[in-house]
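Protein chains in written order, with the working numbering: chain A, 1 to 467; chain Y, 1001 to 1467.
Given below as structure tokens:
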């Protein structure tokens, strides 16, 4: 299954920079590198130790392409488990292209997406869930998703699954043994211990499956619908929320990233803010369409943030606000709604108290802020964070973020519950063995003991080239 | 002058990729790295040899940030000449930021643009013109500019200047010696040999100064004004010219670059195509403004390409074409004009011959092409290339591309010519010594023997961060 070809790709981000890194892996990596690299020391790189760096030039037909540093990683002490060469060249895109083209001419082929990590998996350097975590790690853009990917890459999740699998395998072999002695009707597998184990496995599987809800939130963020008319201060609020994060980013020149105004990281969790129009009662057809759209967007969101300009809060406006919120609650009874009073800096304390009191009679507890003056922002953040169950995160528990793992866990749980039922109803060993095998199969799918080309193709196609 | 602080920056291009490289340089680079890096082998990195690579984790307060490879370059065997650490981490922008922030907390400061190379210069690893070539190399985007930057970085230009400077210095000291024995009226410096040397220096300086014309073309490209009405096939032609180049780029996934439609590399030289409207004779005010703009653009260009739809070439149209080209020639008598007949695939051979014959009577030799069928494109490329004197490039001669060097060379030449004149008119040694010193000063400016903070500031401010 492992391709014998030597692959090459740009490993550093595309574009120009101070340096770029080109990576080769495969059995000819050293000999191909040797053909294009002239060490300043004059020594042949094939005779150098693993994990050493050499200054020299990339040369072809007497023409010097670049002065580079060449790093040697000898099989099996490399990322892929094969011979690996990393060339650290000057970071012009022209030089990157020229060196990669030269290496292609010398017998490398372009690596496919994720092929380095695929080889690492096939060579036993990583299990499948660890390999998947590599892609998650590279795409992680906040503390929580980074922490989970790190934990998964370092084998936290795999270990938990492997431990369950091993215990189950133990019992499975005892049950299989009983089949060999079927006519003697012996029981090698202690049924009470087995029942305990199944309960334990069920408990762990359920916890892992439950963790997917928070895992999914961490990986994909929490959609928040902002309901509010124009000029209530939506973008000022988003900027105020973003403020902290931005300061950090701009501190580090050279690592700018695109500002996506409606995607913020608060307390390590991504929040996606979905802008909507208001939902005032209306007979106007055009406005009705707007309201329909607002409801559609609220449906997609997990949290509703109702933003109000407090300066506009007449008694009548507050009454109609109560009706509007009632409409949302009717439609989405379980969706949390945060009412945010903005521009409170423009009110006198008496005015503010009057508004809050009236809202209290409607059973609405507003959060009062001044987005412009960045007041009350912390309260709002805390309120948003209260919808995220980050307990598991704080307790460093394993969290499932991957849909593939989630599916396999669900299927494994189903099989374990069948086995449990079988045990309770004194099912014969041979029938129980089938369900156990099936559960083991789903465990193996997660870590990659059980796999096939199509599955691997799907997983690694989502990787970037060069990883 | 050398700052003692340890600096840090992202060295790989900004953005996400498989891996990213973070670089530290300074006397505390090893001890700072030691605080955040836990080697898998458990060994302390400060005890490791230079040019070795170590697998481990970036850890702060028990929290694992990433699994990384750490490369050690010990002073003076590094790019900057100081202790240098390179951390090769997973390429998410979040991880890049977190690691850089951690290093800042541990006592590094952010490197300024070009500060690594500035330190390399100050520590004598590179002279100034070599340091400048590093920036040129990173921004090189075609074969010619890459070749010149490579040559300059490897010291070709510096050596040429240094040799002249040394010989001149030799004579200067003999002349100085004469001053000490002024009353005895001796001549230590052989005037004939000195005159020969001055001639040689003058010759080399003139050659270098002349090379700036081609150097400038190579660095900044050749502006070509395309004169032609809509629908004569401008964009098809640009695509046909671009075709080859594009194929190369798209071959290498992960190294995509923005396609700038009007900037093409032909034969290793950049051509910038400037689109203009036609210049037909007209009484219409609006059109007159258009013609004025066309002439302004032609003025900026080095070459004019007059593109004509051959299907539209009636006898009368050709006559008016002759008049239009005459107008350009009147205005810009020295500017080369290429007349390109497009869409010749739509003509019969007889029709084409008739058109070419009529143009020949006007002393116009057109290039006939079919941009759509990519016919005649090579002829056109050759014609464009004929305007570039790449002789110096082919002969591997030193080419000056840097305005700063060009200025210094001009000033040095002026001083050398003064010395020559002094020698011919039997000027006293003390006066001649002043001019020689001044010439030496300008030589020193190029390679950086003579320098000041402002000059260095200007040069390195143009570098990218991390280099």
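Idealized CB from N, CA, C, for every residue including glycine.
Partner residues on chain A for residue i, Cβ-Cβ distance less than 8 angstroms
i              : result
residue 1052/Y : 51, 52 and 53
residue 1025/Y : Correct list: empty, because the minimum Cβ distance to chain A is about 12 angstroms.
residue 1235/Y : The contacting residues do not exist; residue 1235/Y stays about 24 angstroms from chain A at best.
residue 1385/Y : Those do not exist, as residue 1385/Y stays about 19 angstroms from chain A at its closest Cβ, beyond 8 angstroms.
residue 1429/Y : None at all; the shortest Cβ gap to chain A is about 44 angstroms.
Beta-carbon neighbours of residue i, restricted to chain A and to distances below 9 angstroms
i              : result
residue 1075/Y : Chain A residues near residue 1075/Y: none, gap ~15 angstroms exceeds 9 angstroms.
residue 1464/Y : 16, 17, 18, 91 and 254
residue 1242/Y : Within 9 angstroms Cβ-Cβ: nothing; residue 1242/Y doesn't reach chain A, min ~15 angstroms.
residue 1467/Y : 17, 18, 19, 90 and 91
residue 1039/Y : Here the premise fails: no neighbours, minimum Cβ distance about 11 angstroms.
residue 1305/Y : Chain A residues near residue 1305/Y: none, gap ~25 angstroms exceeds 9 angstroms.
residue 1046/Y : The premise fails here: residue 1046/Y is roughly 17 angstroms from chain A at the closest Cβ pair, so nothing lies under 9 angstroms.
Residues that DSSP places opposite residue i in a beta bridge
i              : result
residue 1037/Y : 1058/Y
residue 86/A   : 23/A and 71/A
residue 1063/Y : 1060/Y
residue 1276/Y : 1227/Y
residue 1008/Y : 1024/Y and 1110/Y
residue 1264/Y : 1271/Y
residue 304/A  : 225/A and 337/A
Partners in chain Y for residue i, counting only beta-carbon separations shorter than 8 angstroms
i             : result
residue 154/A : 1064 and 1067
residue 29/A  : Simply none; closest approach about 15 angstroms.
residue 21/A  : 1012, 1019, 1021 and 1088
residue 288/A : Neighbours of residue 288/A on chain Y: none; closest Cβ ~43 angstroms, over 8 angstroms.
residue 3/A   : Result: empty, since nearest Cβ-Cβ is about 17 angstroms, beyond 8 angstroms.
residue 348/A : Result: empty, since nearest Cβ-Cβ is about 43 angstroms, beyond 8 angstroms.
Which of helix, strand or coil DSSP assigns to residue i
i              : result
residue 342/A  : strand
residue 221/A  : coil
residue 1347/Y : coil
residue 1309/Y : strand
residue 1270/Y : strand
residue 49/A   : coil
residue 1405/Y : helix
residue 1298/Y : helix
residue 1210/Y : helix
residue 1427/Y : coil
residue 1415/Y : helix
residue 31/A   : helix
residue 400/A  : coil
residue 1288/Y : helix
residue 1378/Y : helix
residue 102/A  : helix
residue 334/A  : coil
residue 117/A  : helix
residue 368/A  : strand
residue 1315/Y : helix
residue 1204/Y : helix
residue 356/A  : helix
residue 454/A  : helix
residue 1461/Y : helix
residue 445/A  : helix
Chain Y contact residues for residue i, given Cβ-Cβ distances below 7 angstroms
i            : result
residue 94/A : 1140, 1141, 1142 and 1146
Chain Y contact residues for residue i, given Cβ-Cβ distances below 9 angstroms
i             : result
residue 36/A  : Near residue 36/A there are no residues of chain Y at all, since even the closest Cβ is about 15 angstroms away, more than 9 angstroms.
residue 432/A : None at all; the shortest Cβ gap to chain Y is about 41 angstroms.
Heavy atom of the ligand SAM within 6 angstroms of residue i beta-carbon
i              : result
residue 1088/Y : Only the bare structure without any ligand can be found here, which leaves the ligand SAM out of the picture.
Interface partners of residue i on chain A, CB under 7 angstroms
i              : result
residue 1320/Y : Chain A residues near residue 1320/Y: none, gap ~43 angstroms exceeds 7 angstroms.
* **Residues, ordered as in the chain, of the region 199-218 of chain A that lie near chain Y by beta-carbon distance below 8 angstroms** => Result list empty, no residue passes.
* To do: Run through the region 1124-1201 of chain Y for me and flag every whole alpha helix (DSSP H) of 4 or more residues, listed as ranges in chain order.
  => The alpha helix (DSSP H) runs of length 4 or more contained entirely in the region 1124-1201 of chain Y are, from start to end of the chain, 1128-1139, 1143-1153 and 1156-1180.
* Note down, in chain order, all residues in the region 1114-1137 of chain Y with a beta-carbon under 8 angstroms from any beta-carbon belonging to chain A. => Residues passing the 8 angstroms Cβ filter: 1116, 1134 and 1137.
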